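Numbering (my numbering), first residue to last: 6 to 161.
All C-beta atoms, glycine included, are put in the ideal place defined by N, C-alpha and C.
Just so you know, these numbers come straight off a predicted model, no measurement behind them.
Below: one structure, written as structure tokens.
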Amino acid sequence: MAMNPRPQDSTAAAEHLNDAMKRLRARLRVESGQHRTGLSATQLGVLASVAREGPITAARLSTVEHVSGQAIAQSLAVLKAAGLVHSEPDPKDGRKKLMSADPSATELIDKLLSGRAAFLTRAIDHVVAADERKDLDKAIELLQRLADADLDEGAI
Numbered sequence: 006m007a008m009n010p011r012p013q014d015s016t017a018a019a020e021h022l023n024d025a026m027k028r029l030r031a032r033l034r035v036e037s038g039q040h041r042t043g044l045s046a047t048q049l050g051v052l053a054s055v056a057r058e059g060p061i062t063a064a065r066l067s068t069v070e071h072v073s074g075q076a077i078a079q080s081l082a083v084l085k086a087a088g089l090v091h092s093e094p095d096p097k098d099g100r101k102k103l104m105s106a107d108p109s110a111t112e113l114i115d116k117l118l119s120g121r122a123a124f125l126t127r128a129i130d131h132v133v134a135a136d137e138r139k140d141l142d143k144a145i146e147l148l149q150r151l152a153d154a155d156l157d158e159g160a161i
């Protein structure tokens with residue numbers, strides 16, 4: 006097993022990784038047309054979760070999105086006003102509302118995701134040399150492991 010890098014090396018790597026991810030996320034928003042939707046990244050994330058998981062309660066959305074109930078309520082209000090989601094009483098518990106995505110929401114999410122994938126495909130083909138593809142696969146694997154890390158240290 007490899008030795009752990011010195012803390013300052015990990016800190017520098019974390020800072021560089023964070024900067025690179027911010028730049029890539031911003032580029033993906035531009036390339037996918039996300040800015041033209043008038044919706045924030047949070048609102049689009051909530052919309053994608055409703056489309057993928059729905060019908061779903063706001064409480065469950067809060068858990069899925071890792072945000073507060075208040076943030077979910079604010080996003081849902083915007084999405085409802087835009088006609089992208091609708092609610093109906095939960096047949097199991099009439100006090101709760103189930104959120105569902107309008108078909109136009111699914112089309113919007115699909116369009117944004119395909120725009121992101123198209124950009125990444127072009128960028129990979131243009132920037133990553135054939136002999137670097139294994140490095141890219143390894144980087145993707147490492148990013149997935151970082152995303153799945155369970156450090157049991159609580160929220161920061």
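Cβ-Cβ distances below 6 Å link G74 to S67 in the same chain, with the five nearest sequence neighbours on each side left out; the list follows chain order. DSSP places D107 outside both helix and strand once states are collapsed to three, so it counts as coil.
If the five residues before and after R34 are omitted, its C-beta is found closer than 8 Å to the C-beta atoms of H40 and A46, all from its own chain and listed in chain order. Of the residues assessed, I114 falls on the buried side of the cut-off, its CB having 16 or more other CB atoms within 10 angstroms. Of all alpha-carbon atoms in D98, A17, S109 and L49, the one lying nearest the alpha-carbon of A76 is that of L49. The residues G88 and L89, in chain order, have a CB closer than 8 Å to that of S109 in the same chain once the five nearest residues on each side in sequence are set aside. Between L117 and T42, the alpha-carbon positions lie close to 10 Å from each other.
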